[in-house]
Structures are given as structure tokens and as C-alpha cells.
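Going line by line, the protein sequences match chains A and B. Mind the numbering: the first sequence is residues -13 to 243 in my numbering, read in order. Mind the numbering: the second sequence is residues 9 to 257 in my numbering, read in order. Just so it is clear, CB atoms sit at the ideal spot from N, CA and C, and this is done for glycine as well. Single-structure report; data block below.
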Amino acid sequence: MTDTTPGLLDRYQFQLRRLHSLSGIVPIGFFLLFHLLTNSTAFLGAERYDTHVQQIHDLPWLPVIEFLFIFLPLAFHGILGIAIAWQGKLNVRQYPYMDNWRYTLQRITAWITLVFVAIHLLHFRFAYWFGVPEYASAHPYFFAFTQKGFLHLWLPAWLWICMYVIGVSAAAFHFCNGIVTFCITWGITVGVESRKKLSLVAGVLCIVLMLWGFVSLYALTTMTRPAHGAAEAARGSEQRISTPYMARHETPSAARE
Amino acid sequence: MDKVIHFKIKRQDGPNSQPYWEEFKMPYAPQHNVISALLYLREHPVNTRGQRVAPVAWESNCMEEVCGACSMLVNGVPRQACAALVDDLEQPIVLEPLTKFPIIRDLAVDRQKMFDALIRVKAWVPLDGSQDVHEPAPRISPADQALRYVYSRCMTCGCCMEACPQYHDHSDFIGPALFGQVALHNSHPTGGFFKADRLHALMDPGGIAGCGNAQNCFKVCPKDIPLTHAIGELGRQTTVQWLRDLLMK
Chain A
-13 MTDTTPGLLD
-3 RYQFQLRRLH
7 SLSGIVPIGF
17 FLLFHLLTNS
27 TAFLGAERYD
37 THVQQIHDLP
47 WLPVIEFLFI
57 FLPLAFHGIL
67 GIAIAWQGKL
77 NVRQYPYMDN
87 WRYTLQRITA
97 WITLVFVAIH
107 LLHFRFAYWF
117 GVPEYASAHP
127 YFFAFTQKGF
137 LHLWLPAWLW
147 ICMYVIGVSA
157 AAFHFCNGIV
167 TFCITWGITV
177 GVESRKKLSL
187 VAGVLCIVLM
197 LWGFVSLYAL
207 TTMTRPAHGA
217 AEAARGSEQR
227 ISTPYMARHE
237 TPSAARE
Chain B
9 MDKVIHFKIK
19 RQDGPNSQPY
29 WEEFKMPYAP
39 QHNVISALLY
49 LREHPVNTRG
59 QRVAPVAWES
69 NCMEEVCGAC
79 SMLVNGVPRQ
89 ACAALVDDLE
99 QPIVLEPLTK
109 FPIIRDLAVD
119 RQKMFDALIR
129 VKAWVPLDGS
139 QDVHEPAPRI
149 SPADQALRYV
159 YSRCMTCGCC
169 MEACPQYHDH
179 SDFIGPALFG
189 QVALHNSHPT
199 GGFFKADRLH
209 ALMDPGGIAG
219 CGNAQNCFKV
229 CPKDIPLTHA
239 IGELGRQTTV
249 QWLRDLLMK
């Protein structure tokens, strides 16, 4: 006899799909906005960037927050998303409607974002697995450390920049189109007109998020510290990157003054 | 003038045999639709190579786009063949059976899974007592009547299912047509007695969670049924039902 009882994934399909839809907005979407906000402070200068990154590192229970509100939802959304993506048989060639294009792009950008997030995590968060110093060890020269990650780590800078431009664009589209589908799924925008209006707002938001990300990328890859602290910063970050374990103990508390 | 109507038809002799293409040419006459042309071909089943072959099989009933039986792909578009006017179509006219349903023969498909799904979601109005209930018929506002009339035009033809990227052999998705029927019957004063049952059916595996928001269903519907509106409405109703189940049990 074959077992015909549906698996957990099937039995709780409705609840899981709803949570999948929700998790894309809260917390992942909010995290994306917060992440873009912090990154874009680089445009205001390296010092502002260092200050804001330090504020995040100073949060109490940071590893718990990171796990509960970033890694866990990302893993849930990503793994369930892979299962969902296999369910669709794309047919945009036969039915080239605008909404069908968005349905198709939502799945394509999902795959791109998934790969990008994995690369991004390995590039900065888990680079220490490959012998690069931990990000936290860069304290308080996060800007210089990040810049070095783009300009002098593993790959040529142009390749990193290309990857981030594509990745940020895909994430922005996936999030903004996800807002529209979230509102359909949960029954917030019921009528066709309301959907059109929300799609317009989401389209504008998508462009804003892309530009916002590009500004950060531009700042992090091209700007340098103001002249008066430049030499010290370069020396400081270089030393810290090359000797991570010592750096943590040596870090002067008032290095920037 | 020997003007012709040129057909290219995807044929299949039985449910499990291999499909093949066959071409037919018939003398032109004005105002043919695809079904009337197929009727002519049934009388003269000779293909373009001059061979007399078994006539093409298809299904049709009403000839006025209300029964849903003659759904097929006409030049790649899922629609009612009886409403596809030959004079409006590009030739050769390519006819294919719907791809989302089991093929019986040639252009005839078995849409039984749609009818099974209608039973699953209780798409009917329950009898309000088997004797006189001493109540007049429920009153419905003209605005509600207008929306419900549009939903009631569904003929279970399967065009929306054909265009839906989420509906296919390997998915358990119930398909878009059903949402219009659930929205219709949930909004009926007596039909609403089964509202919770219908919503629970939609919250079961393969229900509304299977929708991917591609919204092709609404675009291809020959009766312009606002299926995406129904999906949004039922998204809202299932959200409320879910909270009700969570908080009031």
C-alpha cells in the first residue's frame, strides 16, 4: 500500500505560503530597506558610515537578532521559494502579458537574488571562513574594510561591481513586485484598478531602491576618507585586515579622535 | 477563384498514442467559423496529400460560445472554436487540443477534473429547506446582481486553466476557474451557508495557495470573468477565515 497522507509541506501549504508571502515583507523587506539605509551613509562620508555600522555592532543580543530576524527568515523564504519556483511552468512566450512578465521576472529575480545573497554573505559576513578577517574586526574602520572587500579581494573590482549592480537590481524588483503580490495574496488589493495603482507605486519604489543601492555602491567603491584622517585610516585598516586577532585587542577606543 | 481555407491540425488517435500534424484544405466560403469548417472536413476528410483519413474528432454543442465544449488552441490562443471566425484568422489556421487536460482523441479533451473540482468546492446553492420556509426569496442589490451575473457566465471551458502557468500535470493546483465560482456562490444569500466549507476547501493543499499571480486567467477568459478580482476577494476571505479558525476555536 502506498502512503497517501500528504506531507507536512502539503498539509500546511496554505499557512506556509502565507508565511512565505509575509516573510518577504516582514522582516526581509524591512531588513533590505534598513540595509540600504546604512549602506547609503557611505555617501555622506566614511566617518558617518563607520559610526552607523558601529551602532549596529553595538546592538545588544546582536547574534540572536541576526539569527531570528535575518538568517532564519532568509532561509525559510529561500528554501520554500525554491519549492514554489518549481511549481510554475513559465509560458510568457505564448502569453506575453505584462502581468505574466512580472510573474516570470519574479521567479528569475528570485534565483538571481538567491545566488547574490549567498555570494554577498560569503563576500562579507562569512569571508573569515576563507582566512579573511572578520568584518567586526575592522572596528572602527568599516568603510575602509568594505572598500578593500570590493577593490582588493579575490576578484577584480569591476566584476564585484557588476555582480552587485545585478544583485541589487534583482533584489529591488523581487521585493517591490513582492509587495504587489503580497497585497493580492492577503486580499488587500482586491480590484483590478487598485492593483494597477499599487503596481505604479511599487514600480517607482523599485527604481528608487535600485538608485539608492547604486549610490551606496558608488560611494563604497570610489570615495575615500577626508584628507585629514586618510593616512591614519588607511594604515589602521590595513593593519587590522592583515592582523585580525591582534587588532581586536589593540583597537584604541578613541581611534577616530 | 479557387480560394481555400487551410488548416493545420494536431491530431492524436487515442489517449496514449503519439500526436502528429495533418493539413487540410477546403474550398473557401464566407462566414465560416472553425467548427462549421470542421463539419465540412468531417464530410470530406481528405488531407493535403490527397489521402482519405479518419475525420478529425472534436467536441461542440451550442455554437454560440456559452457551453464551453469546443475549447481548443486556435493559432495558439485558447478559445471557443465556434466563436473563432475563419475570416478573422491568419492562415494556415493551426488547431491544437488544450494541453492541460487528458486528450481523448484529436481535438477532444477530457475536462472532468474541472467538474470534480466544482464538487470539491461545493459550487452550488444548498436547498433552503425541503418544505415551505415561509420566507420570500432573498433580495439582492442590483450592484451585487451585476457582479454575480458576470461570474455566472463561466462555462467551465478551461481556457483560463490552459493559460495558467501554475496549472499543469505536476501541480495539485485547483485552477483559476474555480475561484469565480466560489466567489459567486459565497456571495449568494443562501449559497453563503457553505461559505466556510468552500473557504476551507480553498485552504486545503492545491487551493488558493497555488495561485502565482500571473493573472493570465483573466486575460484569456472568453466571457471576461474578473477571475483576478475573485482571487483577491477570496484571498481576503481566506485571510479572515484563517484568523477566525485561529482565534475563535
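When you compare only the Cα positions, how much space is there between B:LEU115 and B:ARG50? For the purposes of this step, residue 115 of chain B is identified with residue 107 of the second sequence, where counting begins at 1. For the purposes of this step, residue 50 of chain B is identified with residue 42 of the second sequence, where counting begins at 1. Approximately 13 Å, taken between the alpha carbons.
Where B:ASN221 sits in the DSSP three-state scheme: If you number the second sequence from 1, residue 221 of chain B lands on position 213. Correct three-state label for B:ASN221: coil.
Mind checking who B:TYR28 pairs with in its DSSP beta bridge? Locating residue 28 of chain B in the second sequence gives position 20, where the first residue counts as 1. Its beta-bridge partners are B:ARG19.
Determine the DSSP secondary structure at B:VAL54, reduced to helix, strand or coil. Here residue 54 of chain B corresponds to residue number 46 of the second sequence, with the count starting at 1. B:VAL54: strand per DSSP, three-state reduction.
If I'm right that A:ALA28 touches A:THR95 with Cβ under 8 Å, what's the distance once you round it to whole angstroms? Mapped onto the first sequence, residue 28 of chain A falls at position 42. Mapped onto the first sequence, residue 95 of chain A falls at position 109. Not a contact, Cβ separation roughly 25 Å.
8 Å Cβ cut-off: residues of chain A touching B:MET211: Along the second sequence, read from residue 1 onward, the residue named residue 211 of chain B stands at position 203. Under the 8 Å cutoff, chain A gives PHE0.
Own chain residues within Cβ distance below 6 Å of B:PHE32, not counting five before or after: Along the second sequence, read from residue 1 onward, the residue named residue 32 of chain B stands at position 24. Closer than 6 Å at the Cβ level, and outside the excluded window around B:PHE32, lie PHE15, LEU49 and ASN55.
Under 8 Å between the Cβ atoms of A:ILE126 and A:GLN40? Locating residue 126 of chain A in the first sequence gives position 140, counting from the first residue. Locating residue 40 of chain A in the first sequence gives position 54, counting from the first residue. Note that residue 126 of chain A is Pro in the sequence shown here, rather than Ile. Taking 8 Å as the cut-off, the beta carbon of A:PRO126 is found closer than this to the beta carbon of A:GLN40.
Taking the alpha-carbon positions, what's the B:ARG87 to B:SER195 distance? Residue numbering aside, residue 87 of chain B sits at position 79 when the second sequence is read from its first letter. Residue numbering aside, residue 195 of chain B sits at position 187 when the second sequence is read from its first letter. If you take the alpha carbons of B:ARG87 and B:SER195, they lie about 28 Å apart.
Quick one: any contact between the stretch 11 to 19 of chain A and the stretch 54 to 67 of chain A, if contact means 3 or more CB pairs under 8 Å? Result yes; three or more Cβ-Cβ pairs closer than 8 Å.
Mind checking if A:THR210 is an interface residue toward chain B, Cβ cutoff 8 Å exclusive? Within the first sequence, the letter at position 224 stands for residue 210 of chain A. So, not an interface residue.
Comparing C-alpha positions only, which one of B:ASN221, B:SER44, B:CYS75 and B:GLN99 sits nearest to B:TYR175? Numbered from 1 along the second sequence, position 167 holds the residue referred to as residue 175 of chain B. Nearest C-alpha to B:TYR175: B:ASN221.
For A:ARG88, report the span of its alpha helix (DSSP H) as first-last. To locate residue 88 of chain A, count along the first sequence from 1; it is residue 102. Judged by DSSP secondary structure, A:ARG88 falls within the alpha helix (DSSP H) whose first and last residues are 84 to 106.
Compare the C-beta of A:TRP172 with all C-beta atoms of chain B and state if any pair is closer than 8 Å. Start at 1 with the first residue of the first sequence, and residue 172 of chain A comes out as number 186. At least one chain B Cβ lies under 8 Å of A:TRP172.
Three-way DSSP call (helix, strand, coil) for B:ILE13 in this model: Translated into the one-based positions of the second sequence, residue 13 of chain B becomes position 5. Three-state result, B:ILE13: strand.
Is any beta-carbon of chain B found at less than 8 Å from that of A:GLY74? Within the first sequence, residue 74 of chain A is the residue found at index 88, counting from 1. Taking a beta-carbon distance threshold of 8 Å, A:GLY74 counts as an interface residue toward chain B.
How would you list, in chain order, the residues of chain B whose beta-carbon sits under 9 Å from the beta-carbon of A:ASN77? Taking the first residue of the first sequence as 1, we reach residue 77 of chain A at position 91. Near A:ASN77 (Cβ distances below 9 Å), the residues of chain B are ALA171, CYS172, PRO173, ALA222 and ASN224.
Using a C-beta cutoff of 8 Å, does B:ALA217 count as contacting chain A? Residue mapping note: residue 217 of chain B aligns to position 209 of the second sequence, counting from 1. Output row for B:ALA217: interface = yes.
Whole-angstrom Cβ separation of B:CYS78 and B:ILE111, contact assumed at under 8 Å? Position 70 of the second sequence, counted from the start, is the residue given in the question as residue 78 of chain B. Position 103 of the second sequence, counted from the start, is the residue given in the question as residue 111 of chain B. Taking the Cβ atoms as the reference, B:CYS78 lies roughly 15 Å from B:ILE111, outside the contact range of under 8 Å.
Residues of chain B with a CB under 9 Å from the CB of A:ASP(-4): which are they? Numbered from 1 along the first sequence, position 10 holds the residue referred to as residue -4 of chain A. Near A:ASP(-4) (Cβ distances below 9 Å), the residues of chain B are ASP180, PRO213 and GLY214.
Suppose the cutoff is 6 Å on Cβ atoms and the five residues either side in sequence are ignored; what does the same chain contact list for B:GLN99 look like? Indexing the second sequence from 1 puts residue 99 of chain B at position 91. Same-chain partners within the cutoff: HIS14.
Taking the alpha-carbon of B:SER160 as reference, which of B:THR107, B:ARG128, B:ARG252 and B:VAL190 has the nearest alpha-carbon? For this step, residue 160 of chain B is matched to residue 152 along the second sequence. Of B:THR107, B:ARG128, B:ARG252 and B:VAL190, the residue nearest in Cα terms is B:VAL190.
Chain-ordered chain A contacts of B:GLN189 [CB-CB under 7 Å]: Numbered from its first residue, the second sequence carries residue 189 of chain B at position 181. Simply none; closest approach about 17 Å.
Alpha carbon to alpha carbon, how far is A:ILE152 from B:PHE181? Give it in angstroms, no decimals. Within the second sequence, residue 181 of chain B is the residue found at index 173, counting from 1. Within the first sequence, residue 152 of chain A is the residue found at index 166, counting from 1. Each residue's alpha carbon lies about 33 Å from the other.
Under 8 Å by Cβ, that's how I've got A:HIS76 and A:THR99 pegged, so tell me the actual separation to the nearest angstrom. Residue numbering aside, residue 76 of chain A sits at position 90 when the first sequence is read from its first letter. Residue numbering aside, residue 99 of chain A sits at position 113 when the first sequence is read from its first letter. Reading the sequence as shown, one finds Leu at residue 76 of chain A and not His. In fact, because the Cβ distance is near 17 Å, the residues do not count as touching under 8 Å.
Output the boundary residues of the alpha helix (DSSP H) element that contains A:LEU18. Position 32 of the first sequence, counted from the start, is the residue given in the question as residue 18 of chain A. Counting along the chain, the unbroken alpha helix (DSSP H) around A:LEU18 starts and ends at 16 to 26.
When you compare each of A:GLY117, A:HIS106, A:LYS182 and A:TYR121 to A:TRP146 by their alpha carbons, which one comes out closest? The residue labelled residue 146 of chain A in the question sits at position 160 within the first sequence. The shortest CA-to-CA distance from A:TRP146 to any of A:GLY117, A:HIS106, A:LYS182 and A:TYR121 is the one to A:HIS106.
Just grab the DSSP bridge partners of B:LYS33 for me. One-based indexing of the second sequence puts residue 33 of chain B at position 25. Beta bridge pairing from DSSP links B:LYS33 with B:HIS14.
To test your reading of the DSSP string, which unbroken alpha helix (DSSP H) runs of 4 or more residues are found completely within the stretch 36 to 76 of chain A? Qualifying alpha helix (DSSP H) stretches, in chain order: 48 to 52 and 58 to 71.
Using a Cβ-Cβ cut-off of less than 7 Å, give me the residues of the stretch 64 to 88 of chain B that come near chain A, in sequence order. Answer in chain order: GLY84.
What does DSSP give as the partner residues of B:ALA116 in its beta bridges? Along the second sequence, one-based indexing puts residue 116 of chain B at 108. B:ALA116 pairs with B:ARG113.
Taking only beta carbons into account, state which residues of the stretch 75 to 105 of chain A come closer than 7 Å to chain B, listed in chain order. Residues LYS75, LEU76, ASN77, GLN80, TYR81, TYR83, ASP85, ASN86 and TYR89.
Members of the stretch 244 to 255 of chain B that neighbour chain A once the beta carbon cut-off is set at 9 Å: Only those residues of the stretch 244 to 255 of chain B whose C-beta falls short of 9 Å from the nearest C-beta of chain A are listed: ARG244, GLN245, THR246, THR247, VAL248 and TRP250.
Could you compute how far the alpha carbon of A:VAL103 sits from the alpha carbon of B:HIS193? Indexing the first sequence from 1 puts residue 103 of chain A at position 117. Indexing the second sequence from 1 puts residue 193 of chain B at position 185. Going from the Cα of A:VAL103 to the Cα of B:HIS193 covers about 45 Å.
With distances taken from CA atoms, which of B:LYS203, B:TRP29, B:VAL12 and B:ASN24 is nearest B:PRO35? The residue given as residue 35 of chain B occupies position 27 in the second sequence. Closest by alpha carbon: B:VAL12.
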